[in-house]
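Below is one structure, written out as structure tokens, with a few remarks after it.
Residue numbers (the UniProt record's numbering): 1 to 481.
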């Protein structure tokens, strides 16, 4: 847990205010003081002690993040942006990553307290706030939703006269939400960057005049004021830590995980994530969607804002950029993250290679396997059992009563299942359950004579070979297909 979550300082102040020591107070008074201190955060504390957060083993997950960070830090490619003079002053050695889960778990490593400008990373926030305030239909009278396939600052419109790339250089009405989205953590403003943007913004002025000529602005809108406002938005400063909360608010459906405040409506968040996924990474958007499969937005300051929906938000920052304007280390970090964890949108397809899922507690996979195995045996579903065996599942798994699938199948009289488990999977027939019963005992108890004969014959073979454990029989795999 981060050392400064917004909800816990009040709790810690209460501990300082109220003496709880049993040496000072009677037991009842100490308990009363303790409850007074933790009462406002009792749900959070219960979640923590029961490991019910979205990432239960957060320490293990954080260690893996550190390993990825250190691997990516060795990347030295890219050039710091210099077309905005103030950006060129940042050292190429700067590198930071912060993450915040939808439950408020936080981890930071590297230069995560160094302020930097959002630049184009502000555009998803602009869009989300515009949709939240004005609605999708009104916003998309002026803003397209189709990736253009062109450079982000290309002077062009689509066939309907819209500037069709939602992540290109223009902005809808931006309101007072930024600090709310960031959980009231650091949000600043770089006047030096703002002045640099205005002085070097000829291309943006050209796009603005072109859009004005084509009647792309709403009635009453002043193009110069809009551009000035846009330059201000690009000059908003955050740190990796506050930026990760912004990403986590999007991951959490518009509810800030630090303050619990409902900042953005669900429709605005859904639309924003859809656009980030399709066109958030400049000319690299297609490859990002293919290889990483997550909504993301980059900026020429070296920031990459990454959203893992319903799990966490990440802010990476490293000034050196590739040829299309994305942070070299930021892109690499996203790729490494998805190569280790099953965060890609399509990593959970059936029969896909398994990656680590940090959302699962230790034992969850085994519990699910036991349940599926026992239910298939109970139902007489040989096809399901064949799939489990082909996927290298341990067919001798036991449930809470020490029963194997062979016990269940024998008790239900499913002779086809019994034959498959014994002849093909070589499940041990001599395993006793908590009551001391063998699978053959269950078959006898429920009067399944044919099953009893199969099991007794198989027990005889096993005893003749004096084996109590049966390794997988590779030669029989072909028989499952």
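Note that the Cβ used here is the ideal one computed from N, Cα and C, for glycine as well.
Determine, using beta carbons only, whether residue i and residue j come nearer to each other than 8 Å.
i           : j           : result
residue 199 : residue 234 : no
residue 330 : residue 244 : no
residue 95  : residue 111 : yes
residue 442 : residue 411 : yes
residue 240 : residue 108 : yes
residue 395 : residue 430 : no
residue 377 : residue 417 : yes
residue 80  : residue 320 : yes
residue 186 : residue 242 : yes
residue 344 : residue 380 : no
For residue i, write down the residues that DSSP places opposite it in a beta bridge.
i           : result
residue 100 : 106, 313
residue 255 : 262
residue 280 : Note: residue 280 sits in no beta bridge, so no partner.
residue 80  : 320
residue 296 : 306
residue 341 : 356
Could you check what DSSP says for residue i in three-state terms: helix, strand or coil?
i           : result
residue 390 : helix
residue 306 : strand
residue 113 : coil
residue 356 : strand
residue 369 : helix
residue 274 : helix
residue 53  : coil
residue 396 : coil
residue 330 : helix
residue 58  : helix
residue 69  : helix
residue 208 : helix
residue 189 : strand
residue 377 : helix
residue 21  : Confidence at residue 21 is low in this model, with a pLDDT of 49, below 50, so the placement of that residue should be treated as unreliable; the coordinate-derived value is given next. Residue state, collapsed to three classes: coil.
residue 86  : helix
residue 74  : coil
residue 425 : coil
residue 125 : helix
residue 325 : coil
Tell me whether residue i counts as near the ligand GTP, meaning its Cβ is closer than 7 Å to at least one heavy atom of that ligand.
i           : result
residue 325 : Absent from the structure shown: the ligand GTP. Ligands present: none.
Item to check | Segments assigned alpha helix (DSSP H), at least 4 residues, entirely inside the segment 438-471 | outcome: Taking only runs of at least 4 residues, the alpha helix (DSSP H) segments lying wholly in the segment 438-471 are 439-445, 449-464.
Item to check | Inter-stretch contact at 8 Å, needing at least 3 Cβ pairs: the segment 246-253 / the segment 262-270 | outcome: Short answer: they touch.
Checklist entry - Taking the runs of the beta strand (DSSP E) that are 3 residues or longer, which of them lie wholly in the segment 214-253? => result Within the segment 214-253, the complete beta strand (DSSP E) runs of at least 3 residues are 236-238.
Next on the checklist: Extract the residue ranges of the alpha helix (DSSP H) inside the UniProt repeat "ANK" (401-423), only unbroken runs of 4 or more that lie entirely within it.
Outcome noted: Inside the UniProt repeat "ANK" (401-423), DSSP marks whole alpha helix (DSSP H) runs of 4 or more residues at positions 405-412, 415-419, from first to last along the chain.
Checklist entry - Are at least three pairs of beta-carbons, each pair with one atom in the segment 69-79 and one in the segment 120-132, less than 8 Å apart? => result The answer is no - the segment 120-132 does not touch the segment 69-79, with fewer than three Cβ pairs under 8 Å.
Item to check | Sufficient close CB pairs (3 or more, under 8 Å) joining the segment 138-147 to the segment 289-309 | outcome: No, the segment 138-147 is not in contact with the segment 289-309.
Checklist entry - Okay, do the segment 206-215 and the segment 84-98 touch, 3+ Cβ pairs below 8 Å being the bar? => result Touching, no, given that fewer than three Cβ pairs across the two stretches are closer than 8 Å.
Checklist entry - Does the segment 371-380 come close enough to the segment 323-342 that 3 or more CB-CB pairs lie under 8 Å? => result No, because fewer than three Cβ pairs between the segment 323-342 and the segment 371-380 fall closer than 8 Å, the two stretches do not touch.
Checklist entry - Would you call the segment 288-308 and the segment 333-345 touching, i.e. three or more CB-CB distances under 8 Å? => result Look at the beta carbons and you see the segment 288-308 touching the segment 333-345: at least three pairs across the two are nearer than 8 Å.
Next on the checklist: Across the segment 50-61 and the segment 292-301, are there enough close Cβ pairs to call them in contact, namely three or more that are closer than 8 Å?
Outcome noted: No contact exists between the segment 50-61 and the segment 292-301.
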